[in-house]
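Undergrad: Just so we're aligned, residue 36 is where the sequence shown starts under the numbering used here, counting upward by one.
Just so you know, even glycine gets a beta-carbon here, dropped at the ideal spot from N, CA and C.
None of the values given here were measured: they were computed from a predicted structure.
Just passing along the structure, written as structure tokens.
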Amino acid sequence: MTIRVLLADDQNLVRASFAMLVASAGDMEVVAEAGTGREAVALARSARADLVVMDIRMPDLDGIEATRLIAADEDLAGVKVLVLTTYDTDEHIVEALRAGASGFLVKDIRPAELLDAIRTVAAGESLLSPGPTSRLIARFLRAPDPATPSAVGGPSGLSERERQVLALVARGLNNTEIAEALGLSPLTAKTHVSRIMGKLGARDRAQLVIVAYESGLVIPGAV
Numbered sequence: 036m037t038i039r040v041l042l043a044d045d046q047n048l049v050r051a052s053f054a055m056l057v058a059s060a061g062d063m064e065v066v067a068e069a070g071t072g073r074e075a076v077a078l079a080r081s082a083r084a085d086l087v088v089m090d091i092r093m094p095d096l097d098g099i100e101a102t103r104l105i106a107a108d109e110d111l112a113g114v115k116v117l118v119l120t121t122y123d124t125d126e127h128i129v130e131a132l133r134a135g136a137s138g139f140l141v142k143d144i145r146p147a148e149l150l151d152a153i154r155t156v157a158a159g160e161s162l163l164s165p166g167p168t169s170r171l172i173a174r175f176l177r178a179p180d181p182a183t184p185s186a187v188g189g190p191s192g193l194s195e196r197e198r199q200v201l202a203l204v205a206r207g208l209n210n211t212e213i214a215e216a217l218g219l220s221p222l223t224a225k226t227h228v229s230r231i232m233g234k235l236g237a238r239d240r241a242q243l244v245i246v247a248y249e250s251g252l253v254i255p256g257a258v
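Have a look at this one:
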């Protein structure tokens, strides 16, 4: 099944480079390109994209607000957003995750990493690696921002096993790694993650990470 990709970045050269790379992959195609946030939202609807590679810093409407509009649109429920960032210098990354992004990319990533990231997020996973990602999220979630409350509930209604799984998700582990850590089968770990998302009303694993940190289930700096 071909992954339909929308590229949103205000730099023509960046879009052109990403477009050439995506076109070189046999399992994905670029269905549209946007130079502003508003264009990205409109094209996500009209081009029937499966995934948006979204730059955070864009004119007209930034990537965070564009992501929030896409995530809030019921007609775009299946559209995933992968945001672009300048890594640890970009303090808006957590805002993007709160807005509904499924993860983030660093602009200087290797070509193969971009393609792997698109496949990962399109498959329903979140791009959250154990090391740098967790440290970045922890840094900006030391005190939850009351101006941008999480749209999902807290973990109080979860079982002890589900809380253990949620904590491991927050540390960036995938289903196989969670299974190994808890002595489960990968399928059981995947089922736990799906149930947790259902109980919390989370869009994807990225929102589970936000819940885990904001609720205190995972303590910043203890990663």
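Counting Cβ pairs, one atom from each stretch, are 3 or more of them under 8 Å apart for the segment 49-61 and the segment 76-87?
TA: no
Undergrad: Do you know how far the Cα of residue 199 is from the Cα of residue 37?
TA: Within the sequence shown, numbered from 1, the residue matching residue 37 stands at position 2. Within the sequence shown, numbered from 1, the residue matching residue 199 stands at position 164. Inter-residue distance for residue 37 and residue 199 is about 35 Å (C-alpha atoms, whole angstroms).
Undergrad: Can you tell me which of 72, 87, 136, 100 puts its alpha carbon nearest to the alpha carbon of residue 244?
TA: For the purposes of this step, residue 244 is identified with residue 209 of the sequence shown, where counting begins at 1. When only C-alpha atoms are compared, the closest one is 136.
Undergrad: What is the residue span of the beta strand (DSSP E) that residue 39 lies within?
TA: Here residue 39 refers to the residue found at position 4 of the sequence shown. For residue 39, the enclosing beta strand (DSSP E) starts and ends at 38-43.
Undergrad: How many angstroms separate the CA atom of residue 248 from the CA atom of residue 128?
TA: Mapped onto the sequence shown, residue 248 falls at position 213. Mapped onto the sequence shown, residue 128 falls at position 93. Roughly 15 Å separates the two Cα atoms.
Undergrad: Count the other CB atoms within 10 Å of the CB of residue 86; is the residue buried (16 or more) or exposed (fewer)?
TA: By one-based count along the sequence shown, residue 86 stands at place 51. So residue 86 ends up on the buried side.
Undergrad: Specify, as a first and last residue, the run of the alpha helix (DSSP H) that residue 142 falls within.
TA: Looking up residue 142 in the sequence shown gives position 107. First-last for residue 142: undefined, no H or E at that position.
Undergrad: Mark residue 251 as exposed unless 16 or more other C-beta atoms lie within 10 angstroms of its C-beta, in which case mark it buried.
TA: If you number the sequence shown from 1, residue 251 lands on position 216. Exposed, by the Cβ-count rule.
Undergrad: In the DSSP assignment, find the unbroken beta strand (DSSP E) run with residue 57 in it and report its ends.
TA: As a position in the sequence shown, residue 57 is number 22, starting the count at 1. Element bounds for residue 57: not the beta strand (DSSP E) but the alpha helix (DSSP H), 47-59.
Undergrad: Using 8 Å as the threshold, is the C-beta distance between residue 98 and residue 105 below it?
TA: Taking the sequence shown and counting its residues from 1, the one referred to as residue 98 is at position 63. Taking the sequence shown and counting its residues from 1, the one referred to as residue 105 is at position 70. No. Outside cutoff.
Undergrad: Between the C-alpha atoms of residue 62 and residue 130, what's the straight-line distance to the nearest angstrom?
TA: In the sequence shown, residue 62 corresponds to position 27, counting from 1. In the sequence shown, residue 130 corresponds to position 95, counting from 1. Going by the C-alpha atoms only, they are around 30 Å apart.
Undergrad: Report the rounded CA-to-CA distance for residue 205 versus residue 95, giving the unit in angstroms.
TA: Within the sequence shown, numbered from 1, the residue matching residue 205 stands at position 170. Within the sequence shown, numbered from 1, the residue matching residue 95 stands at position 60. Residue 205 and residue 95: Cα-Cα distance of roughly 33 Å.
Undergrad: Can you tell me whether residue 47 is buried or exposed? The criterion is at least 16 other CB atoms within 10 Å of its CB, across all chains shown.
TA: The residue labelled residue 47 in the question sits at position 12 within the sequence shown. Exposed, because fewer than 16 other Cβ atoms sit within 10 Å of the Cβ of residue 47.
Undergrad: So, helix, strand or coil for residue 66, using DSSP?
TA: Residue mapping note: residue 66 aligns to position 31 of the sequence shown, counting from 1. Reduced to three states, the DSSP call for residue 66 is strand.
Undergrad: Per DSSP, residue 116 forms a beta bridge with which residues?
TA: Walking along the sequence shown from the start, residue 116 turns up at place 81. Answer by DSSP bridge pairing, in chain order: 87.
Undergrad: Under three-state DSSP, which class holds residue 127?
TA: The residue you call residue 127 lines up with position 92 of the sequence shown. Residue state, collapsed to three classes: coil.
Undergrad: At which residues does the alpha helix (DSSP H) containing residue 192 begin and terminate?
TA: Your numbering for residue 192 matches position 157 in the sequence shown. Per DSSP, residue 192 belongs to no alpha helix (DSSP H) and is neither H nor E.
Undergrad: Between which two residues does the alpha helix (DSSP H) holding residue 211 run?
TA: Translated into positions along the sequence shown, residue 211 becomes position 176. Residues 210-217.
Undergrad: Among 215, 117, 66, which one has its Cα closest to the Cα of residue 240?
TA: For this step, residue 240 is matched to residue 205 along the sequence shown. Of the candidates 215, 117, 66, the one whose C-alpha sits nearest the C-alpha of residue 240 is 117.
Undergrad: Between residue 183 and the rest of its own chain, which residues show a CB-CB distance below 6 Å, the 5 nearest in sequence each way excluded?
TA: Indexing the sequence shown from 1 puts residue 183 at position 148. Residue placement at residue 183 cannot be trusted, given a pLDDT of 45 that sits under 50; the coordinates are not used to answer.
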